[in-house]
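My numbering numbers the first residue of the sequence shown as 221 and each following residue consecutively.
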Amino acid sequence: MNKLSLRGPSAALKTWFNTLTLLAAVILLLLVQYRDTFSSIVQIWLRSDTFTHGFLIIPISLWLIWRKRHQLRTIHPRPFYLGSVALLALGFMWLLGHLAGVLVVQQYSLILMIPVLVITLLGVKMAVALAFPLAFLLLAVPFGEILLPPLMEFTADFTIFALQLTGIPVYREGLFFTVPSGSWSVVEACSGLRYLIASFTLGCLYAYLTYRSLRRRLIFVALSILVPILANGLRAYMIVMIGHLSDMRYAVGVDHLIYGWLFFGIVMLIMFWIGARWREDGAPVVANPPSTGNVATIPLRPIALSAAGALLATLIWPLYAAHLQTRASVAPVNWVAPQAHSWLPQAQALSSWQPLYAGSAFNSEQTYAQGNNKVSLRIYYYRGQKQEAEMVSSVNVLVASEDQQWGRIADGARKVSLASGTLEVNETQLRSVTQHLLVWHWYWINGETTRNPFRAKWLQAKAQLLQAKDDAAFVLVATPLDENTETARAVLAGFLNEMAPAIEASLAHAARP
């Protein structure tokens with residue numbers, strides 16, 4: 221290996237400075253190449269209170285690296301050329317996330333490239349010494365919204381169970397429940413996701429700084445996940461009890477949030493106070509004491525070569541994505557409404573409910589009637605998908621959490637046997653003050669159907685990767701729901717049994733170039 225001969229500590233420190241400057245330049249070029257992805261991370265930090273802590277992750281990571289500076293100066297950097305293979309794999313994963321419109325996959329792929337760059341340029345030993353500071357960067361990715369439904373469900377279950385233990389009668393419909401003093405609902409703000417993410421971030425940092433054994437660190441991190449989930453359930457129960465005992469005078473407005481954060485702060489203080497009883501940070505942090513004479517030599521030329529290979533491995537994917545984007549169709553959708561013999565189109569809409577599906581190239585809503593039965597068919601057709609104009613997205617929902625008129629009360633999955641074959645659908649029950657609806661919905665991607673949003677994303681990515689075509693549609697059918705769910709299901713099954721071939725034909729016609 222071609223190494224630079226060092227005459228003394230000053231020359232060694234200067235070479236270290238040049239090496240770190242090269243590493244910083246490569247990381248900066250990486251962020252420039254993937255600027256849209258990095259910008260999406262920052263934009264979420266700016267607009268979401270849940271992920272505002274992201275602004276602190278990079279400074280904290282740099283501070284953690286600075287604490288280990290004396291140890292790092294004694295490690296001999298050896299470029300790891302196979303790291304470029306890992307960069308290729310991460311770049312391909314980013315490409316799949318880009319084509320499928322899965323922002324979190326793009327964001328994790330980008331952030332993971334940073335520690336892999338450290339491995340590629342400075343070697344495995346250096347990356348091992350910096351394992352936690354580099355891994356801590358992953359907390360900059362705004363991830364967690366996928367946990368909202370289960371967290372909301374757990375909060376509702378916990379609250380209702382606690383109320384019943386208290387002796388208070390409760391009537392429940394999904395995430396809505398009523399007690400003698402008034403009605404409540406578990407919305408996204410009640411899920412405890414903010415508490416969970418804040419607790420997990422602080423827990424990881426606290427465990428790393430306070431403990432030395434892996435076992436204690438893992439135990440404390442596990443507690444930082446479990447405690448806020450349970451505490452949020454208890455918080456929700458206490459808020460309902462405050463409202464109930466005060467005849468709905470307290471804990472129903474802004475004080476609702478104030479009580480929540482105050483309670484969370486107390487819980488965190490207690491958890492850290494208990495965790496401090498087993499602290500192990502008395503041992504020296506630096507394995508080797510500061511020394512100006514024990515400085516590792518720096519192989520500059522191999523590092524420069526590995527940097528060039530790393531940049532090449534990361535650059536090809538944004539370029540290929542741009543190439544595919546130029547081939548994507550932006551032609552208007554040629555839509556022909558599906559027709560059936562016994563189901564007749566109606567001028568009046570079935571209900572006031574409107575799904576929130578933005579960015580579609582075309583959408584259609586039509587109510588059909590057969591005798592006394594009525595079914596609403598909605599189709600949201602997507603073409604040339606991009607951020608904020610994609611079919612499967614966290615912002616595209618059947619009912620917004622802040623919707624004051626409509627709410628979801630039940631979700632499930634069904635297999636519907638039709639003359640044309642079996643169709644798997646998602647089933648959702650919606651309610652308003654005056655009406656209940658049963659909704660079946662699924663995804664259509666270039667002739668294939670699925671109810672799974674993750675499979676829909678994969679089919680979109682595969683289609684674009686092979687032919688740069690991303691035509692897709694979100695299909696919904698809805699009918700009024702009375703006390704007999706099976707009756708409503710029979711209405712929707714009868715409608716689809718006749719209309720499914722016509723719907724498929726309309727979608728296939730729209731997808732033609």
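We treat Cβ as the ideally placed atom computed from N, Cα and C, and that holds for glycine.
{"Check": "Residues bridged to proline 700 (per DSSP)", "Outcome": "Leu657"}
{"Check": "Where proline 509 sits in the DSSP three-state scheme", "Outcome": "A caution first: proline 509 carries a pLDDT of 47, below 50, which makes its placement in the model unreliable, though a value can still be read off. The answer is coil: DSSP assigns proline 509 none of H, G, I, E or B."}
{"Check": "Coil, strand or helix - aspartate 256 by DSSP", "Outcome": "helix"}
{"Check": "Exposure label - lysine 234; buried when at least 16 CB within 10 Å", "Outcome": "exposed"}
{"Check": "Close-in-space but distant-in-sequence residues of the same chain around valine 361 (CB under 6 Å, 5 per side omitted)", "Outcome": "Gln327, Tyr328 and Ile331"}
{"Check": "Terminal residues of the alpha helix (DSSP H) in which glutamine 326 lies", "Outcome": "323 to 342"}
{"Check": "Which residues DSSP lists as bridging glycine 627, in chain order", "Outcome": "Arg651"}
{"Check": "Under 8 Å between C-beta atoms of phenylalanine 356 and isoleucine 247", "Outcome": "no"}
{"Check": "Threonine 398 - DSSP class collapsed to helix/strand/coil", "Outcome": "strand"}
{"Check": "Reference valine 711, options Ile723, Pro721 and Ala698, closest by Cα", "Outcome": "Ala698"}
{"Check": "Boundaries of the beta strand (DSSP E) in which proline 575 is found, first to last residue", "Outcome": "First-last for proline 575: undefined, no H or E at that position."}
{"Check": "Three-state secondary structure (DSSP) of proline 353", "Outcome": "helix"}
{"Check": "Rounded straight-line distance, which links the Cα of isoleucine 665 to that of alanine 681", "Outcome": "10 Å"}
{"Check": "Where leucine 686 sits in the DSSP three-state scheme", "Outcome": "helix"}
{"Check": "Cross-strand partners of threonine 430 (DSSP beta bridge)", "Outcome": "Paired residue(s): none; threonine 430 is not in a bridge."}
{"Check": "Leucine 531 versus threonine 241 - alpha carbon distance", "Outcome": "15 Å"}
{"Check": "Exposed unless 16 or more other CB atoms sit within 10 angstroms - verdict on leucine 335", "Outcome": "A small correction: the amino acid at residue 335 is proline; leucine does not occupy that position in the sequence shown. Proline 335 comes out buried."}
{"Check": "Candidates Val338, Leu416, Ala347 and Met333, of which the one nearest methionine 372 by Cα", "Outcome": "Leu416"}
{"Check": "Stretch-stretch touch, CB-based, cutoff 8 Å, three pairs: the stretch 422 to 430 with the stretch 372 to 384", "Outcome": "no"}
{"Check": "Boundaries of the alpha helix (DSSP H) in which arginine 709 is found, first to last residue", "Outcome": "705 to 731"}
{"Check": "Start-to-end residues for the alpha helix (DSSP H) that takes in proline 279", "Outcome": "274 to 287"}
{"Check": "Cβ pair count under 8 Å reaching 3, the stretch 433 to 453 against the stretch 388 to 405", "Outcome": "no"}
{"Check": "Alanine 633 versus valine 695: straight-line alpha-carbon distance, rounded", "Outcome": "15 Å"}
{"Check": "Residues that DSSP places opposite threonine 670 in a beta bridge", "Outcome": "Tyr663"}
{"Check": "Start and end residues, alpha helix (DSSP H) containing glutamine 384", "Outcome": "368 to 386"}
{"Check": "Per DSSP, the bridge partner or partners of alanine 589", "Outcome": "Leu564 and Lys594"}
{"Check": "Host alpha helix (DSSP H) of phenylalanine 312 (start-end)", "Outcome": "303 to 320"}
{"Check": "Euclidean distance between Cα positions of threonine 386 and isoleucine 449", "Outcome": "21 Å"}
{"Check": "Cut-off 7 Å between Cβ atoms - residues of its own chain near serine 511, not counting five sequence neighbours on either side", "Outcome": "Summary for serine 511: the model assigns pLDDT 48, below 50, so the residue's position carries little reliability; its value from the coordinates is reported in the next sentence. Same-chain partners within the cutoff: there are none."}
{"Check": "Local conformation of valine 612 per DSSP, three classes", "Outcome": "coil"}
{"Check": "Residue interval of the beta strand (DSSP E) (run including arginine 392)", "Outcome": "391 to 393"}
{"Check": "Residues of its chain near leucine 653, where Cβ-Cβ distance is below 8 Å and the 5 sequence neighbours each way are ignored", "Outcome": "The question names leucine, but residue 653 in the sequence shown is valine. Closer than 8 Å at Cβ, skipping near neighbours: Gln625."}
{"Check": "Inter-stretch contact (C-beta, 8 Å, three-pair minimum) for the stretch 521 to 535 and the stretch 338 to 348", "Outcome": "yes"}
{"Check": "Inter-residue Cα distance where the pair is glycine 627 and serine 572", "Outcome": "13 Å"}
{"Check": "Whole-angstrom distance between methionine 611 and valine 619, CA atom to CA atom", "Outcome": "15 Å"}
{"Check": "Own chain, CB closer than 6 Å to histidine 661, minus 5 neighbours either side, in chain order", "Outcome": "Asn646 and Leu696"}
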